[in-house]
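Structure, as structure tokens:
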């Protein structure tokens with residue numbers, strides 16, 4: 023059983039937790055005029071940039087070809103870009119926590 027009833031809850035949970043760790047989070051509420059398929063969340067901070075296409079629970083949570091093309095292009099450019107489903111929440115939080123902790127260790131004394 024998933025913790026999230028829909029994609030918005032899942033995406034908001036990621037964004038909220040990222041902000042709590044001091045990351046900057048960008049999510050366009052209206053993407054009109056932008057190229058289709060760009061990931062839902064751009065998370066920046068603590069030495070990392072992370073692009074996440076979030077998907078909700080259920081059988082309708084399919085990735086579109088345009089979304090996959092963006093993930094592939096960002097990854098090919100050396101960026102961390104991924105598709106995340108609600109079951110991936112702990113994995114995403116681990117990525118953010120690791121970046122946060124690594125940045126803390128690298129701060130000058």
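Numbering (our numbering), first residue to last: 23 to 131.
Backbone N, C-alpha and C define an ideal beta-carbon position, used for all residues, glycine too.
Predicted model only: the values in this text are computed from it and were never measured.
Does the stretch 33-48 come within contact of the stretch 90-98, defined as at least 3 CB pairs closer than 8 Å?
no
For residue 118, the three-state DSSP class (helix, strand or coil):
Numbered from 1 along the chain shown, position 96 holds the residue referred to as residue 118. Helix, per DSSP.
Which residue wins for smallest C-alpha separation from residue 88, given the options 61, 68, 65?
As a first step, residue 88 must be located in the chain shown, where it is residue number 66. Comparing Cα positions, the closest option is 61.
Where residue 21 sits in the DSSP three-state scheme:
Absent from the model: residue 21. The displayed extent of the chain is 23 to 131, so no value can be given.
Would you mind sorting residue 91 into buried or exposed? The rule is 16 or more other CB atoms within 10 Å of its CB.
The residue labelled residue 91 in the question sits at position 69 within the chain shown. Answer is exposed; the Cβ neighbour count stays below 16.
Does residue 26 come within less than 8 Å of chain B when only Cβ atoms are used?
The question asks about chain B, but that chain is absent: this structure has only one protein chain.
With C-beta atoms as the reference, is residue 29 less than 8 Å away from residue 77?
Residue 29 sits at position 7 when you count from the first residue of the chain shown. Residue 77 sits at position 55 when you count from the first residue of the chain shown. Closer than 8 Å, so yes.
Simplified DSSP state of residue 41, which is helix, strand or coil
Against the chain shown, residue 41 aligns to sequence position 19. It is helical.
Taking 7 Å as the cut-off, does the CB of residue 72 come closer than this to any heavy atom belonging to the ligand ZN?
No copy of the ligand ZN appears in this structure; indeed no ligand is present at all.
Taking a contact to mean a Cβ-Cβ separation below 8 Å, would you say residue 103 touches residue 68 in this structure?
To locate residue 103, count along the chain shown from 1; it is residue 81. To locate residue 68, count along the chain shown from 1; it is residue 46. Contact: no.
Taking just the CA atoms, how far does residue 47 sit from residue 35?
Here residue 35 refers to the residue found at position 13 of the chain shown. Here residue 47 refers to the residue found at position 25 of the chain shown. Roughly 12 Å separates the two Cα atoms.
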